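Here's the structure we're looking at; comments come further down.
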Amino acid sequence: MVAGNWKLNGSREGACSLAREVAASVVTGVDVVVCPVSVHLPEVAEVLKGTDVKLGAQNACAHEGGAYTGEVSSTMLAEFGCDYVIIGHSERRTLFGDTNESCAARHQAVMAAGLTSIFCVGETLEDREAGNTAAVVDAQLQAVFDLGGKQALDGAVVAYEPVWAIGTGVTASPEQAQEVHAHIRGFVAKQDQAAAAKLRILYGGSANPGNAAELFSKPDIDGGLIGGAALKSADFLAVCQAAAVQA
31 MVAGNWKLNG SREGACSLAR EVAASVVTGV DVVVCPVSVH LPEVAEVLKG TDVKLGAQNA
91 CAHEGGAYTG EVSSTMLAEF GCDYVIIGHS ERRTLFGDTN ESCAARHQAV MAAGLTSIFC
151 VGETLEDREA GNTAAVVDAQ LQAVFDLGGK QALDGAVVAY EPVWAIGTGV TASPEQAQEV
211 HAHIRGFVAK QDQAAAAKLR ILYGGSANPG NAAELFSKPD IDGGLIGGAA LKSADFLAVC
271 QAAAVQA
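Residues in the sequence shown are numbered from 31 upward in steps of one, following our numbering.
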């Protein structure tokens, strides 16, 4: 699976054009998702109709409705054709104060609405240098299980994004990434072995056409959550092709 997180980028015309280019050349054997900003979702949804590319949102509210100015609910996103929602991205956690608990609540709302959560976990450079990678990731995942029970990640997607490798041009080595991906799968297995066995764990730290093939060759890396490389169709499609080779 390869998901493109377009973050806060693009115009109406540019978003539709990018979606059209991706849909026109998407490879088989890979689940491909694009996640534009919320105001572009309706028009990108129209572009993707009848194609194999799925639509995702970048966030969702934990509540279905009410006095939550500026938020968008999972059921609203579903009405506009979304299949996936990114939850707990490091930028949401570090810039906008999303906590382990609030991310867990958003995740649960997404899954309850029949959408698929792409639940993000990952450590900062300080965490890694202090040897706390496993503890940080475990706490992020445990919040989901505490709220939703042992099957809370059944049917979801997890994305591991080392915060120190996002937008920096630095990438975790395939071995570093594999180590954490394997740890995540093992942690989930303690709660739900069946869910862990089928869980797709994406790598989300500056994956690009130059390193995607080696990353995706690792046994517990099941694709990528792509940032910068998702904004150019040629680069994004090259990453998708690298995933197809491993499918």
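Glycine is no exception: its CB is placed at the ideal position from the N, C-alpha and C atoms.
Here the structure is a predicted model, which is why all the values come from computation and not from measurement.
Alpha carbon to alpha carbon, what distance is there between residue j and residue i?
i	j	result
Cys133	Ala92	8 Å
Leu261	Ala49	10 Å
Val83	Val32	10 Å
Leu232	Thr99	31 Å
Ile214	Ile148	14 Å
Gly254	Gly234	6 Å
Ala164	Val210	8 Å
Pro204	Gln276	15 Å
Thr201	Ala195	5 Å
Gly240	Val57	18 Å
Gly59	Phe266	15 Å
Tyr190	Ile116	12 Å
Ser247	Glu51	26 Å
Ala186	Val64	17 Å
Gly216	Ala160	22 Å
Based on DSSP bridge pairs, tell me the residues matched to residue i.
i	result
Lys262	Note: Lys262 sits in no beta bridge, so no partner.
Tyr114	Gly86, Thr146
Tyr233	Tyr190, Gly254
Ala63	The sequence given here places Val at residue 63; Ala does not occur at that position. DSSP output for Val63 lists Ala33, Lys84 as bridge partner(s).
Whose C-beta lies closer than 8 Å to the C-beta of residue i among residues of the same chain, with five residues either side of it excluded?
i	result
Gly197	Ser236, Gly257, Gly258
Lys180	Gln221, Asp222
Glu131	Ala173, Leu177
So what's residue i in DSSP terms, helix, strand or just coil?
i	result
Phe175	helix
Phe149	strand
Gly86	strand
Asn238	coil
Val269	helix
Gly34	strand
Glu76	helix
Gln138	helix
Phe217	helix
Name the residue from the options whose alpha carbon lies nearest to the alpha carbon of residue i.
i	options	result
Arg136	Asp157, Leu183, Gly111	Leu183
Leu167	Phe110, Gly152, Ser47, Ser247	Checking the displayed sequence, the identity of residue 167 turns out to be Val instead of Leu. The residue with the shortest Cα to Cα distance from Val167 is Gly152.
Leu38	Ala277, Glu121, Val140	Glu121
Val193	Thr154, Val63, Val200, Asp176	Thr154
Glu43	Asp61, Val74, Glu109, Cys65	Val74
Glu109	Val269, Gln138, Leu145, Asn89	Leu145
Pro66	Thr58, Ser41, Lys79	Ser41
Asn35	Glu244, Gly96, His119	His119
Leu245	Asn89, Ala273, Ser47, Val188	Ala273
Cys46	Leu71, Ser55, Val62	Leu71
Phe285	Glu94, Ser103, Val140, Asn89	This structure cannot settle anything about residue 285, because the visible part of the chain is limited to 31 through 277.
Report all residues from its chain with a CB closer than 6 Å to the CB of residue i; omit the five preceding and five following residues, and keep chain order.
i	result
Thr81	Ala53
Leaving out five residues on either side along the sequence, give the residues of the same chain with a beta carbon under 7 Å from the beta carbon of residue i.
i	result
Gly111	Ala75, Leu85
Leu177	Ala134, Ala135, Gln138
Residue i: beta carbon under 7 Å from a heavy atom of the ligand FAD?
i	result
Met141	The ligand FAD is not among the ligands present in this structure, which contains no ligands whatsoever.
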